[in-house]
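What follows is a set of notes on a single structure, which appears directly below.
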Amino acid sequence: MLQKARELALASGSCRHSYITFLSDIFVNVIREIFISKTKLDHSEATFNEAAIWPVLKFALYSMTRNNRELKFYPGEDRLRSMSVQLEVNRLSADNRSCYKADAILRCSEPHQEMEVLLLETSNAYNSADKPKISFDFHKGLFGALSMLKTIADHHQYADFKTMAKLRVYFVHAHTKHIRLWSISCPSQGVFVVYREDKCAIPTSFRDDQKILLDYIRFTWALKVSNAKAASTIFINTAVLVGSFGQHYGDAG
Numbered sequence: 509m510l511q512k513a514r515e516l517a518l519a520s521g522s523c524r525h526s527y528i529t530f531l532s533d534i535f536v537n538v539i540r541e542i543f544i545s546k547t548k549l550d551h552s553e554a555t556f557n558e559a560a561i562w563p564v565l566k567f568a569l570y571s572m573t574r575n576n577r578e579l580k581f582y583p584g585e586d587r588l589r590s591m592s593v594q595l596e597v598n599r600l601s602a603d604n605r606s607c608y609k610a611d612a613i614l615r616c617s618e619p620h621q622e623m624e625v626l627l628l629e630t631s632n633a634y635n636s637a638d639k640p641k642i643s644f645d646f647h648k649g650l651f652g653a654l655s656m657l658k659t660i661a662d663h664h665q666y667a668d669f670k671t672m673a674k675l676r677v678y679f680v681h682a683h684t685k686h687i688r689l690w691s692i693s694c695p696s697q698g699v700f701v702v703y704r705e706d707k708c709a710i711p712t713s714f715r716d717d718q719k720i721l722l723d724y725i726r727f728t729w730a731l732k733v734s735n736a737k738a739a740s741t742i743f744i745n746t747a748v749l750v751g752s753f754g755q756h757y758g759d760a761g
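Residue numbers for the sequence shown, in our numbering: 509 to 761.
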């Protein structure tokens, strides 16, 4: 079974957004990077991220269709541009000391790099965070997600609110033994909804209940679906606005 999965994952010309290839890729990654290598996930936050958390975000991104592959993955204390944009808009300091740095970000590619749809906050190494650290990172992540939503709304200020009301941006919070997916949206003017979309345990060894690995894979696919919806909302609005302005002003010159 493992050999077959590896053959599928390494096959030249394979379509990475196909479900079977997604399964083989993530299955092989968990076996190689966690089970066989016996990675100590509690060694450090960096080890935890590289072996168990970042792959979730990357495989969710890789499995998206080409139409939604306008998102890029940026790991490791990357600056959240949405927060910097909002600080500048409100004439507040946006230097290196006050900028928001996330453990990973899914950001739109050029020319829309100010727009981000997901951020990650990891609270220390596997099963190592205390309650104050978890609480701090949770509230930090929510403020970061809110800045992402506001920046997208500012960029599409002429978009139909009914469409924008469907948009959700995401905050992934990894702490203790689980990964949690949170969303924030604005379904009506002045109302913001924070919702826990999903949760899964993190596989650590062959001795784990097999349900843990299966749920980890299911969580990754669910994250892919969420990212695809967010990307579709953003780029559909962009296309509509560009088409609208082109129709009205395209012949002016």
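C-beta: ideal position from N, C-alpha, C; glycine also.
L588 beta carbon less than 7 Å from that of A612: no
Status (buried if at least 16 other CB within 10 Å, exposed otherwise) for I544: Exposed is the call here.
Enclosing beta strand (DSSP E) for D586 [first to last residue]: L579 to R587
Residue from V733, F743 and T741 whose Cα sits closest to the Cα of M572: V733
Three-state secondary structure assigned by DSSP to K732: helix
Other residues of its chain near K674: CB distance less than 7 Å, five sequence neighbours each side excluded: Hits under 7 Å: T741.
Cβ distance (whole Å) where I687 is taken to contact V677 below 8 Å: Rounded, the Cβ-Cβ distance is 17 Å, inconsistent with contact.
Complete runs of the beta strand (DSSP E) confined to the segment 658-727 [at least 3 residues]: 676-683, 686-696 and 699-709
Segment limits, alpha helix (DSSP H) that includes A568: W562 to Y570
L708 versus Y724: straight-line alpha-carbon distance, rounded: Residue 708 is actually Cys in this sequence, not Leu. Between C708 and Y724, the C-alpha separation is close to 6 Å.
Close Cβ partners of I720 (< 6 Å) along its chain, the five nearest in sequence each way excluded: A709 and P711
Expected contact under 8 Å - CB spacing of Q594 and K648 to nearest Å: No, Q594 and K648 are not in contact; Cβ-Cβ is about 14 Å, not under 8 Å.
Start and end residues, beta strand (DSSP E) containing D611: K609 to C616
Three-state secondary structure (DSSP) of T630: Judged by DSSP in its simplified three-state form, T630 adopts strand.
Cβ neighbour criterion (16 or more within 10 Å) applied to E585: So E585 counts as exposed.
Whole-angstrom distance between H683 and S636, CA atom to CA atom: 8 Å
Best match in I642, S590, V701 and H663 for proximity to F743 [C-alpha to C-alpha]: H663
DSSP-derived helix/strand/coil call for E622: coil
Supposed contact pair D717 and A633 - C-beta distance, whole angstroms, cut 8 Å: Contact flag wrong, Cβ pair sits at about 22 Å.
Beta-carbon proximity check, T630 vs E553, cutoff 7 Å: With respect to the 7 Å criterion, T630 and E553 are classified as neighbours on the basis of their beta carbons.
Candidates M656, A559 and K685: closest to A536 by CA position: Looking at the sequence itself, residue 536 is Val, so the reference to Ala does not match. In this structure, A559 is the residue among M656, A559 and K685 with its C-alpha nearest to the C-alpha of V536.
Unbroken alpha helix (DSSP H) run spanning S532, endpoints: Y527 to V538
First through last residue of the alpha helix (DSSP H) which encompasses A554: E553 to F556
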